[in-house]
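Chemist: Numbering of the sequence shown is given in numbering that gives the first Met the number 0, commencing with residue 0 and proceeding in unit increments.
No residue lacks a Cβ here, since even glycine has one placed at the ideal position from N, Cα and C.
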Amino acid sequence: MNLKALTSDQLLSETKIIVSEERRITAKLIDHLTEINQRLLFLKLGYSSLFEFVTKELGISEGAAQRRIQTMRLMQDLPDTRQAYEEGSLSLSNAAKLQSHFQATKKLGMAKTIEEKKAIAKNAENKSQSECDQMLFKLSPELPKPERTRVLSPTVRELKFSISEELFKKVERLKELLSHSHPNATLAELIELLVTNHLTKLEKAKGLQPQNMTKPDENNLVHTAAKTLPVGIRVALPTAMKQQVWNKANGRCEYVHQGRRCSSRYQLEIDHAYPLALGGSNECSNLKLLCKNHNGFAAIEVLGLAKMSSFRK
Ligand SMILES: [Zn+2]
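1) Taking just the CA atoms, how far does Ala103 sit from Arg121?
2) Cα separation between Val18 and Asn1?
3) Listed in chain order, which residues are found with a beta carbon closer than 5 angstroms to a heavy atom of ligand 1?
4) Apart from the five residues just before and just after Val53, which ones in its own chain have a Cβ nearer than 6 angstroms to its Cβ?
5) What would DSSP say about Arg251, mapped onto helix, strand or coil?
6) Cutting at 7 angstroms between CB atoms, please list the residues of its own chain near Ile29, excluding the five before and the five after it.
7) Check whether the Cβ atoms of His271 and Leu289 sit closer than 8 angstroms, and answer yes or no.
8) Over what stretch of residues does the alpha helix (DSSP H) that includes Lys111 continue unbroken?
9) Can you tell me whether DSSP reads Arg264 as helix, strand or coil?
10) Here's the rule I'm using: 16 or more other beta-carbon atoms within 10 Å means buried, otherwise exposed. How should Gln98 be labelled?
11) Compare the beta carbon distance of Val255 and Gly62 with 8 angstroms and say whether it is the shorter of the two.
12) For Ala80, does the count of other Cβ atoms within 10 angstroms reach 16, so buried, or fall short, so exposed?
13) DSSP on Thr227, reduced to helix/strand/coil?
14) What residue does the beta strand (DSSP E) around Glu124 start on, and which one ends it?
15) Assuming the contact rule is C-beta atoms closer than 8 angstroms, Ala123 and Leu89 should be a hit. Round their C-beta distance to whole Å, please.
16) Consult DSSP for Thr238 and reduce its assignment to one of helix, strand or coil.
17) Cα separation between Ile119 and Ser127?
18) Cα-Cα, which of Leu32, Ala4, Asn36, Lys15 is closest to Asn292?
19) Secondary structure at Ser90, three-state DSSP: helix, strand or coil?
20) Per DSSP, what kind of secondary structure is His181 in: helix, strand or coil?
21) How is Glu157 classed by DSSP in three states: helix, strand or coil?
22) Between Leu158 and Arg147, what straight-line distance do the alpha-carbon atoms span, to the nearest angstrom?
23) Could you tell me whether the Cβ atoms of Leu189 and Leu173 are closer together than 8 angstroms?
24) For a test of the three-state rule: what should DSSP assign to Lys144, helix, strand or coil?
25) Hey, how far is the Cα of Glu115 from the Cα of Phe101?
26) Nearest-angstrom Cα distance between Tyr84 and Thr33?
27) Tell me the DSSP secondary structure of Ile59 in three-state form.
28) Round the Cβ separation of Glu253 and Asn294 to the nearest angstrom and send it over; I've been treating them as touching at under 8 angstroms.
29) Are Leu192 and His179 touching if we call contact CB-CB under 8 angstroms?
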């Protein structure tokens, strides 16, 4: 198509058609993500979260993935917002902001009712991002702002977060008390001091090697016979056995789909590859290290989604 041949009016009207087409396709993508999420297809493919699936399998950038997933959750909760998005009155950014706001208020024990959410979502229509931010801030000024971390160089990161006035006063007090040993400490130096002290304490309490993140956290490592018991049931395994399973897995989830291994090192649990109830053993060869989501998924594959969702309630 030769765009140069179009009159300005034609160019403008075609551009508007493309914009509305783009919204229609994004809404369709979100419908597909909803179905993928409900089927737990991302777990089957070896991703520990829907976000990881969208960024790595679909190649969508992190920010765009976050907005689409948050909008998907908003649309599940408030189906009317799908139409508002498709018609162009509710932007993807504002939809994602609304969802994050609802999650944050819930976390603080101030969950909104569906009716309240509907009214707030209606209010966010035809607003710019900053107008939407201002509206949400007025509704709950006490909510912390979203935290951000940005890579500045291979060895330096920038962190951005808000703290309460109360915590700020405590920080000032700490600076005063540390003024002899750490004169004029910056906030970054204070965080380094506090994190290092706390890590040393935790590592000592849990019997971990200092600075070694790949050793098992004995107190947190949960062993579940997921295929025979509801998720979260703990069965005692000797520490040496847990250590052996951990070393075998190199401290990483062992779920593999078509040669792709899950990369999660978060909330790892020990699973019986062959269920105890079916004659599986407690031998190391029958034990696998799985992230919490893949351990749950292993159980779902055996017991079925409906049965597992009743356990999870
Ligand atoms: Zn996993």
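Modeler: Here's the rundown:
1) Within the sequence shown, numbered from 1, the residue matching residue 121 stands at position 122. Within the sequence shown, numbered from 1, the residue matching residue 103 stands at position 104. With the sequence shown as reference, residue 121 is identified as Lys, and Arg is not the correct amino acid for it. Whole-angstrom Cα-Cα distance: 19 angstroms.
2) Along the sequence shown, one-based indexing puts residue 18 at 19. Along the sequence shown, one-based indexing puts residue 1 at 2. Going by the C-alpha atoms only, they are around 19 angstroms apart.
3) After applying the 5 angstroms Cβ criterion, the set is Ser47, Cys252, Tyr254, Cys261, Ser263, Cys290, His293.
4) Locating residue 53 in the sequence shown gives position 54, counting from the first residue. Result list for Val53: Ile59, Ala64, in chain order.
5) Reading the sequence shown from its first residue, position 252 is the one you call residue 251. Per DSSP, reduced to three states, the secondary structure at Arg251 is coil, with no helix or strand assignment.
6) Walking along the sequence shown from the start, residue 29 turns up at place 30. Cβ within range, chain order: Arg67, Thr70, Met71, Met74.
7) As a first step, residue 271 is located in the sequence shown; it is residue number 272 there, counting from the start. As a first step, residue 289 is located in the sequence shown; it is residue number 290 there, counting from the start. Taking 8 angstroms as the Cβ cut-off, His271 and Leu289 do not qualify as a contacting pair.
8) Within the sequence shown, the letter at position 112 stands for residue 111. Looking at the DSSP string, Lys111 is not in any alpha helix (DSSP H), and its letter there is neither H nor E.
9) Mapped onto the sequence shown, residue 264 falls at position 265. Three-state DSSP puts Arg264 in coil, outside helix and strand.
10) Residue numbering aside, residue 98 sits at position 99 when the sequence shown is read from its first letter. Buried, because 16 or more other Cβ atoms sit within 10 Å of the Cβ of Gln98.
11) For this step, residue 255 is matched to residue 256 along the sequence shown. For this step, residue 62 is matched to residue 63 along the sequence shown. The answer is no: Cβ separation not under 8 angstroms.
12) Translated into the one-based positions of the sequence shown, residue 80 becomes position 81. For the sequence presented, residue 80 should be read as Thr rather than Ala. It is buried - the Cβ of Thr80 has at least 16 other Cβ atoms within 10 Å.
13) Reading the sequence shown from its first residue, position 228 is the one you call residue 227. Here the model assigns Thr227 a pLDDT of 37, short of 50, so the residue's position is not dependable, and the following value carries that caveat. Thr227 falls in the coil class under three-state DSSP.
14) For the purposes of this step, residue 124 is taken as the residue at position 125 of the sequence shown. In the DSSP annotation of this structure, Glu124 is not part of any beta strand (DSSP E), being labelled neither H nor E.
15) Working through the sequence shown from its first residue, we reach residue 123 at position 124. Working through the sequence shown from its first residue, we reach residue 89 at position 90. Yes, they are in contact, since the Cβ atoms of Ala123 and Leu89 sit about 6 angstroms apart, within 8 angstroms.
16) Within the sequence shown, the letter at position 239 stands for residue 238. If DSSP states are grouped into helix, strand and coil, Thr238 belongs with the helices.
17) The residue labelled residue 119 in the question sits at position 120 within the sequence shown. The residue labelled residue 127 in the question sits at position 128 within the sequence shown. Distance between the alpha carbons of Ile119 and Ser127 is about 15 angstroms.
18) For this step, residue 292 is matched to residue 293 along the sequence shown. Out of Leu32, Ala4, Asn36, Lys15, Asn36 has the C-alpha closest to the C-alpha of Asn292.
19) The residue given as residue 90 occupies position 91 in the sequence shown. Reduced to three states, the DSSP call for Ser90 is coil.
20) Against the sequence shown, residue 181 aligns to sequence position 182. Note: His181 maps to coil in three-state DSSP.
21) Here residue 157 refers to the residue found at position 158 of the sequence shown. If DSSP states are grouped into helix, strand and coil, Glu157 belongs with the strands.
22) The residue you call residue 158 lines up with position 159 of the sequence shown. The residue you call residue 147 lines up with position 148 of the sequence shown. C-alpha separation (whole angstroms): 6 angstroms.
23) Your numbering for residue 189 matches position 190 in the sequence shown. Your numbering for residue 173 matches position 174 in the sequence shown. A contact, by the Cβ cut-off of 8 angstroms.
24) By 1-based counting over the sequence shown, the position of residue 144 is 145. In this structure, Lys144 counts as coil in the three-state DSSP scheme.
25) As a working mapping, residue 115 is identified with position 116 in the sequence shown. As a working mapping, residue 101 is identified with position 102 in the sequence shown. Cα-Cα distance, rounded: 10 angstroms.
26) In the sequence shown, residue 84 corresponds to position 85, counting from 1. In the sequence shown, residue 33 corresponds to position 34, counting from 1. The straight-line gap from Cα to Cα measures roughly 16 angstroms.
27) Residue 59 sits at position 60 when you count from the first residue of the sequence shown. Coil at Ile59, not helix or strand.
28) On the sequence shown, residue 253 is found 254 positions in, with the first residue counted as 1. On the sequence shown, residue 294 is found 295 positions in, with the first residue counted as 1. Not really, about 10 angstroms apart at Cβ, beyond 8 angstroms.
29) Against the sequence shown, residue 192 aligns to sequence position 193. Against the sequence shown, residue 179 aligns to sequence position 180. Cβ atoms of Leu192 and His179: not closer than 8 angstroms.
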